[in-house]
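Participant:
In this note's numbering, the protein residues as written are 23 to 508.
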């Protein structure tokens, strides 16, 4: 089995657990009768079982106890206003640069540090948490509506606010099981419930609209940076099957029938003080993406992917996909005992052709080609093994449609770009972090953007406006607190 298909096997195995013991019950959030796949006790048990797997898949828990306590306090406040306040709610910050949030059916809610870095105030984060609490309260993961439930490693995720541009462009090539497709009605219902909870907790529900627009802006900017048409950004979004638009959230506010909140909680300065210093983007301990180059300072290597390929860094593997979608690269550690060449010749499940020994910058290597499948579609696979040291072997898998050789040279160049880092090179990588600064007289968007790491980029000003929620006409005022990335 190739590493591309393991997720699907896990999905099939886990579906048995999640779709068992169906029962009809009253939806606590809507009062309607719903066909449920699990009891509440089963939902909680699933959450407990899958929590360690979620942590492993998404980089673990972000190491900032004070920030974790802060997010937990926000989540617990909102959960108490829901129809299921007595669930064992648990709120976790994931150490992932992705802009994302989701929940397990038993009340385990996850939010990434990437999303926290993008948010500008407490109300925006509350809108994210409230939406996920809405999915859990309405028991959307337990409902069956005549469709298959997608499960990743046994986890029925209760909703994803948005697909970051990074994930969206990999499509089904990566961990499709982590996407649970809810109906438009369910998404609207989660929005409506989330707005209700925000209002009860005295947050301005309109923060959900402003933050969603910011996430859509992020998707568009990533599309531009990846060379795609920004007008097609929604179509490449991970949530393209049922996108949440600002108009739909405004409809949810109307559906919720909430009155205007007087003196609503926003807490921008408090929030910025909480995220001051948060890691932004890739963490060197997990690997760093620099354009077309992937560098892992902690493990001591780097390699470069072909032009037109976008890199996705995951805890267990690195993936890269061609802009046109007709080429895929997977890189990770391999378990190989003995000769690399014999691994190909004696493989129990695949027949390799053209097996040969190679030398990759002084490291022993071997390669061979075979046929396989990527997401149930036939593919030509070239596998490359590289012995990094006595105990470690790394593996490239290069996949293309059958008979296509347009990337043959590019894949070869990627193979031979793999090299060890010197100690000084590895120590030179430090994570980018959010720094909160106070605007002084004479500061402009342009001048502050130039202070950011990568401030000479043509997109620096757009990125500064994005992380601070500023439109093109916004002007800075002395004393205002803003984020820069350093």
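The beta carbon of each residue, even a glycine, is placed where N, CA and C say it ideally should be.
#1: Quick test of your reading: residue 105 and residue 159, contact by CB under 8 Å. State the CB separation rounded to the nearest angstrom.
#2: Pull up the DSSP beta-bridge partners for residue 340, would you.
#3: Pull up the distance between the alpha-carbon of residue 336 and that of residue 303, whole angstroms please.
#4: For residue 399, write down the residues that DSSP places opposite it in a beta bridge.
#5: Comparing C-alpha positions only, which one of 478, 503, 372, 479 sits nearest to residue 490?
#6: Using beta-carbon positions only, say whether residue 8 and residue 103 come within less than 9 Å of one another.
#7: Is residue 413 buried or exposed, if buried means 16 or more other CB atoms sit within 10 Å of its CB?
#8: What are the boundary residues of the beta strand (DSSP E) that includes residue 421?
#9: In or out: residue 399 buried (at least 16 other Cβ within 10 Å) or exposed?
#10: Helix or strand or just coil, what does DSSP make of residue 180?
#11: So the candidates are 275, 314, 492, 213; which of them puts its Cα closest to the Cα of residue 439?
#12: Is the distance from the Cβ of residue 409 to the Cβ of residue 387 below 9 Å?
#13: What did DSSP end up calling residue 124 once you bin it into helix, strand or coil?
#14: State the Cα-Cα distance for the pair residue 449 and residue 325, rounded to the nearest angstrom.
#15: Is the shortest distance between the beta-carbon of residue 68 and the beta-carbons of chain C less than 9 Å?
#16: Using DSSP with H/G/I as helix, E/B as strand and the rest coil, what is residue 148?
#17: Expressed to the nearest angstrom, what Euclidean distance is found between the alpha-carbon atoms of residue 66 and residue 108?
#18: Just checking, does the stretch 79-98 make contact with the stretch 146-163 on the three C-beta pairs under 8 Å criterion?
#19: Can you check whether the CB of residue 350 is closer than 9 Å to the CB of residue 420?
#20: So, under 8 Å CB-CB, residue 362 and residue 407 are touching, yes? Tell me the CB distance rounded to an integer number of Å.
#21: For residue 6, count the other beta carbons within 10 Å of its own beta carbon; 16 or more makes it buried, fewer makes it exposed. Which is it?
#22: Could you tell me the alpha carbon to alpha carbon distance between residue 124 and residue 379, rounded to whole angstroms?
#23: Identify the residues that DSSP records as bridge partners of residue 4: which are they?
#24: On the premise that residue 283 lies in contact with residue 221, defined as a C-beta separation below 8 Å, what is that separation, rounded to the nearest angstrom?
#25: When the Cα of residue 458 is compared with those of 444, 451, 474, which residue comes out closest?
#26: Quick one: what's got a C-beta closer than 6 Å to residue 597's C-beta in the same chain, skipping five residues either side?
#27: Can you give, in chain order, each stretch of the alpha helix (DSSP H) that sits fully within the stretch 56-104 and has at least 4 residues?
#28: First and last residue of the beta strand (DSSP E) that includes residue 436?
#29: Is it true that the CB of residue 214 sits closer than 9 Å to the CB of residue 122?
#30: Give me, in chain order, the residues of the same chain whose beta-carbon lies closer than 6 Å to that of residue 340; leave out the 5 immediate sequence neighbours on both sides.
#31: Pick helix, strand or coil for residue 455, following the three-state DSSP scheme.
#32: Closest by CA to residue 442, which one among 463, 320, 370?
#33: Since residue 306 contacts residue 453 with CB under 8 Å, what's their CB separation in whole angstroms?
Facilitator: Concretely, from the data shown:
#1: 5 Å
#2: 335, 353
#3: 13 Å
#4: 396
#5: 503
#6: The question about residue 8 has no answer, for the chain in this structure spans 23 to 508.
#7: exposed
#8: 414-422
#9: exposed
#10: With a pLDDT of 24 at residue 180, under the threshold of 50, the modelled position of that residue is not reliable, and no figure is offered here.
#11: 314
#12: yes
#13: strand
#14: 17 Å
#15: Structure shown: chain C not included; a single protein chain is present.
#16: helix
#17: 11 Å
#18: yes
#19: yes
#20: 5 Å
#21: Beyond the ends of the chain as shown, which are 23 and 508, falls residue 6; an answer cannot be given.
#22: 45 Å
#23: In the structure as shown, the chain starts at 23 and stops at 508, and residue 4 therefore has no counterpart that could be examined.
#24: 6 Å
#25: 474
#26: Residue 597 cannot be examined here, being either before or after the span of the chain that is shown, 23 to 508.
#27: 62-79, 87-102
#28: Taken as a continuous stretch (DSSP letters only), residue 436 belongs to no beta strand (DSSP E), being part of the alpha helix (DSSP H) at 430-439.
#29: no
#30: 316, 353
#31: strand
#32: 320
#33: 6 Å
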